[in-house]
Every structure is written in C-alpha cells, then in structure tokens.
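Data first, discussion second: the structure below is written as structure tokens.
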Amino acid sequence: MTVPTLGTLSGRKLVTDLQSFGLQIGGDKGGIARKGGAGPSDHKAITIAGQTVMVPVYTSGAQRSPFQASPPDQSGASTLLRDGRALGTIHFPAAPRFYGLTTADGIPYWKVALLHGRDTLATTVHQTCIRYADRRTSCQFCAIGQSLEAGRTIAYKTPAQLAEVAKAAVELDNVRDMVLTTGTPNVIDRGAAVLAESARAIRAAVDLPLQVQCEPPRDHGWFQRLRDAGADSLGMHLEAATQAVREKIMPGKATVSVDRYMDAFARAVPVFGRGQVNTYILAGLGDTAADILALAGRLIALGVYPFVVPFVPISGTPLENHAPPSSDFMKSVLAPLGRMLREANMQSTDIRAGCGRCGACSSLSAYEQ
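The sequence shown: position 142 = 140 (the working numbering), numbered continuously.
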C-alpha cells in the first residue's frame, strides 16, 4: 500500500479534526503521553505535516473517533487512517533523554517537568489548588489532582529541582522555552510569589525563555516582579469567554471576573510587551463562536494574544461526558481569529515563551499563515 504524504494545508485541516475527534491508537507504544494534570490532558504528541501537536487519545470520545493510527515502528512512524482509509504517515516523537534522569534528591525528572509539543518544557509548580477539593468552587474540567494521586508527579517542585531539570532539558533535548503554571495557592498573589521564586532559580541556572501562568494577583506590582525574576511572558487564563459560562463551569475562578482580567491585562502588557501576555480560551464550554471572537477582538486591542484551544473532556472530572467542540465549530473560530491576529501583526511566532509559542494544543498558528 502506498501511503500519501501530508502537506501543510491538509495537515492544518487534519489537526483541527484530530483535536476535535481524538485518535484511536493500536496499543500504547511510543510517543509522549500525558494523563491527568492541571491543563489539557489525556493526550499523546504526534508530528503531522511537520508540526508536533497534542491529540486526545485517552478520552472516551477518542475511542469512537473515525481516526485510527497503526502501532508505530521503531522510528515512531505510523499510518494515520480515517474510517480505514490511509491518509498519510505521522510520527510519534520519542521520549526525551532527560526523562531518564533523577534529581539530586531522588525525584525522576519526568515527575518535575514534562515535554509539551516539540520543544517546550512545562510544569505545575504547585500541583494543588485551594478550589479543587470542593466541587462547589472547582473548575469542572480540571484534573490537577489526578496525576498527583496516581504518583505521576509531586505536590511541589522546588526551585532547585526546576533549575536542575530545565538545564538538563536544554542540554540534552534542545528545549527552547518553559511554561511554569500553578494551582492557585491563595487569593492574594494567586501563585505569583512561588512562580517568581521558581523563575529566578531557573534563569540563574540556564538561559531559557520562560512563561509564568497564574490568575491575576491582587497587587499588579507582581507583574514587574515576575518580569524582574526572569519571566519573558505571562499567561492569565480566562478559560471561557463570557461571565455566565465561567460562573457555570468554574464557579470559584469566576469570582475573578472578566472585567478584573481585562484590567489586569491592561496593566501587564506594558510590563511584558505587546503579544507577550496570553490568555487560554477553551472553545466548546458553552460560549458561541461570536462570543469568543468578540472577546478576542478586545484582547488583541489590548495587546493580549488569545490562545483558543478545543475543550477536551478529561476522564474522572465532572465534564468527562461533555462533548468536545466539532471541527466545524473550531474552524468557525480559528479561521477568522487567524485573520484578526494577522491583521494586527500579532502572531505566535513572535511569542518568546509559552503555550501560544508551543501551539501544540491548537491549530490556531496554522490559521495565522
């Protein structure tokens, strides 16, 4: 059987479809996997048409996907099929070399930080959140406690551990940037203090661009402190576009209103620079395409990059049976958003560090071109 080659345009459409439908894989061999955790999860990394992306494979919806992948060969190559018809060759990237090491205090490196996409290192510094244990306040999509309960991570990554792992990831695997996120430890600095401490230690050990991610701290002076600590970009994630959806899906986090976020964005952009402040928006939680695009317009006008990704229901969360957005819905958002970003001269390739630069959880960057 001759397997076709996937080009850039077909790859863009396929990525959008795959991230909506998910992927059935033959066995669990190869690739970089992520189960549970604070952010988009239940994925494997695949490389398609030259782009490394994260695709849902461990969700219930993925088991019904029309897309299948054959077990990868020794090089990680696999045939991608749709309803049994071969579409082309994809690759499952090999696990990075730093995963095989252990910190000076005996913790496997992969429990401290994970590789996302092609070359982004990511970690949740505090694998706990003040809202997670109470479903009256928790984000209904969040699985921050799952990987901790399963022993796949540790509750707190010290600055020394983070610096050690980051240095090795750069030297052994050519990692190009790092994301530091956190569960919300308090309602005052909302994690900014621990992120500043971590960033300072990492930058003292290795020259690695960093993005820090937290809710807006009460004191906006934390933005300059984070920048001074070595953070190159900042993520403050709205998750949903409208206050009504936020109150329904994330009742605790919604107490920090959209208006509060917009005020924080306006204060943060002068510190980090235009396009270096990002927000994560999960399409498919209940906002319409018009809602998302209207918010995106406001964000772009402020100099904030709106990173829109398809919602992926994670097993074991209250939204595990919530349907992901259709690929048509995602295209109805990403195509006009890509044009908006292009016209504003604000693109993912200009982001120094973070989720928008990595781009693995969305096909948005392909729509910017």
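The beta-carbon is built from N, C-alpha and C at its ideal position, and this holds for glycine as well.
Comparing alpha carbon positions, the residue from Leu332, Gly336 and Val307 closest to Pro322 is Val307.
Under the three-state reduction of DSSP output, Gly86 falls in the strand class. A distance of 7 Å or more separates the beta carbons of Ala158 and Met176. In this model, Ala43 and Pro70 are separated by some 13 Å (Cα to Cα).
Contact between the stretch 115 to 124 and the stretch 180 to 187 is present: 3 or more CB-CB pairs across the two stretches fall below 8 Å.
As computed with DSSP, Val256 is found in no beta bridge at all. Around Asp15, the same chain offers Ser325 as residues with beta carbons nearer than 7 Å, after the five sequence neighbours per side are excluded. DSSP assignment within the stretch 153 to 182 yields the following whole alpha helix (DSSP H) runs of 4 residues or more, N-terminal first: 157 to 171.
The residue among Tyr97, Gly59, Val192 and Thr45 with its C-alpha nearest the C-alpha of Ser76 is Thr45.
When secondary structure is reduced to three states using DSSP, Ser361 falls in the coil class, being assigned neither helix nor strand. Rounded to whole angstroms, the Cβ separation of Val55 and Leu12 is 15 Å, and the two are not in contact under 8 Å.
In its chain, beyond the 5 residues on either side, Glu213 and Pro214 have a beta carbon closer than 7 Å to the beta carbon of Val254.
The alpha-carbon separation between Ile88 and Ile186 amounts to approximately 46 Å. Apart from sequence neighbours up to five positions away, the residues of its chain that approach Ile200 with a beta-carbon distance below 6 Å are Leu160, Ala161 and Ala164, ordered along the chain.
The beta carbon of Val243 lies closer than 6 Å to those of Leu283, Gly284 and Asp285 in the same chain, with the five residues before and after it left out. A Cβ-Cβ distance of about 11 Å is found for the pair Ser346 and Ser361, leaving them out of contact under the 8 Å criterion. Check the Cα spacing between Phe96 and each of Asp226, Asn172, Ala287 and Asp230: the tightest is with Asn172. Boundaries of the beta strand (DSSP E) around Ala120: Thr118 to Thr122. A straight-line Cα-Cα distance of about 13 Å links Met338 and Leu300. Under the rule that a run must span 3 or more residues, the beta strand (DSSP E) segments found entirely inside the stretch 265 to 343 read 275 to 281 and 302 to 308. Inter-residue distance for Pro249 and Glu195 is about 29 Å (C-alpha atoms, whole angstroms). In the DSSP annotation of this structure, the continuous segment of the alpha helix (DSSP H) that includes Leu224 starts and ends at Gly219 to Ala227. In this model, Ala167 and Ala102 are separated by some 15 Å (Cα to Cα). DSSP places Gly233 within a strand segment (E or B) once states are collapsed to three. In this structure, DSSP gives Leu21 a state outside helix and strand, which the three-state scheme calls coil. Apart from sequence neighbours up to five positions away, no residue of its chain approaches Gly98 with a beta-carbon distance below 6 Å. A straight-line Cα-Cα distance of about 31 Å links Thr50 and Ser136. Boundaries of the alpha helix (DSSP H) around Ala197: Ala190 to Ala203. Met52 is a Cβ neighbour of Ala358, given a cutoff of 7 Å. Apart from sequence neighbours up to five positions away, the residues of its chain that approach Asp348 with a beta-carbon distance below 6 Å are Gly273, ordered along the chain. Counting only the Cα atoms, Val210 lies some 16 Å from Val110. Separation of the CB atoms of Ser63 and Phe19 is rounded to 4 Å, and the pair is thereby assigned contact status at 8 Å.
For the pair His320 and Pro311, the CB atoms are nearer than the 7 Å cut-off. Here Gly354 is buried: its Cβ has 16 or more other Cβ atoms, across all protein chains shown, within 10 Å. In this structure, DSSP gives Phe139 a state outside helix and strand, which the three-state scheme calls coil. Assignment of Arg62 by DSSP, reduced to helix, strand and coil, places it in the helix class.
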